[in-house]
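Sequential numbering of the sequence shown, starting at 1, is according to UniProt numbering. Notes to accompany the following structure.
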Amino acid sequence: MTTATQANIDALNAVLSQTFRLYVQTHGYHWNVEGPDFRQLHAVFEAQYQNLWGALDDIAERIRIQGAYAPGTVADLMTNAGAEDAPAQSAEEMVEKLIAGHEALAATLRDAIGTAGDAGDEVSAGLLTDRLEWHEKELWMMKASAR
Numbered sequence: 001m002t003t004a005t006q007a008n009i010d011a012l013n014a015v016l017s018q019t020f021r022l023y024v025q026t027h028g029y030h031w032n033v034e035g036p037d038f039r040q041l042h043a044v045f046e047a048q049y050q051n052l053w054g055a056l057d058d059i060a061e062r063i064r065i066q067g068a069y070a071p072g073t074v075a076d077l078m079t080n081a082g083a084e085d086a087p088a089q090s091a092e093e094m095v096e097k098l099i100a101g102h103e104a105l106a107a108t109l110r111d112a113i114g115t116a117g118d119a120g121d122e123v124s125a126g127l128l129t130d131r132l133e134w135h136e137k138e139l140w141m142m143k144a145s146a147r
């Protein structure tokens, strides 16, 4: 396996793990949000966690296509994802933490797109670009709603 391929696998693992962490965080917020914006946020969080869940399989399959095994335990995913935030208590704090989570994942995606390109993996670069597009749109909507 080349150094570029291993770097690409490592980048995909980081994206997979951070996507999983954001999925769990978002799903928890969906369960626990309350307040005057409950209905809207409950629906937004549900749409987000469903999208994140769907992305996990595609990202893991790209890791397998590269010849590596995708992380197969929650512990492995969380280790690769980095430190977890303390849970949010208010709807406003939930939105703030999700904005931060999407921004962090968008930064990881930008790096991973470059790494996939360096490895000559245009398919992963395309998948990651599509993911970045979705996260940027969600960020725009959450930031606009938080004003």
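The beta-carbon is built from N, C-alpha and C at its ideal position, and this holds for glycine as well.
*Going by other Cβ atoms of all chains shown within 10 Å of its Cβ, with 16 needed for buried, is Y23 buried or exposed?*
For the purposes of this step, residue 23 is taken as residue 23 along the sequence shown, with counting starting at 1. Classification of Y23: buried, given that the 10 Å Cβ count is 16 or more.
*alpha helix (DSSP H) segment containing residue 148, residue limits*: Because the chain spans 1 through 147 in this model, residue 148 falls outside it and cannot be assessed.
*Nearest to A47 (by Cα), restricted to the options Q66, T26, L56, L16*: Position 47 of the sequence shown, counted from the first residue, corresponds to residue 47. Of Q66, T26, L56, L16, the residue nearest in Cα terms is T26.
*According to the Cβ coordinates, are A81 and Q18 closer than 8 Å?*
Here residue 81 refers to the residue found at position 81 when the sequence shown is read from its first residue. Here residue 18 refers to the residue found at position 18 when the sequence shown is read from its first residue. A contact, by the Cβ cut-off of 8 Å.
_Residue range of the unbroken alpha helix (DSSP H) whose run includes G126_ = Working through the sequence shown from its first residue, we reach residue 126 at position 126. Note, G126: alpha helix (DSSP H), 122-145.
*How many whole angstroms separate the CB atoms of L128 and L109, which I take to be in contact at a CB cut-off of 8 Å?*
Along the sequence shown, one-based indexing puts residue 128 at 128. Along the sequence shown, one-based indexing puts residue 109 at 109. With 8 Å as the limit, L128 and L109 qualify as a contact, their Cβ atoms being about 5 Å apart.
*asked:* Quick check on D85: does DSSP put it in helix, strand or coil?
replied: Locating residue 85 in the sequence shown gives position 85, where the first residue counts as 1. Coil at D85, not helix or strand.
_Candidates P87, D111, T115: closest to Y29 by CA position_ = For the purposes of this step, residue 29 is taken as the residue at position 29 of the sequence shown. Per the Cα distances, P87.
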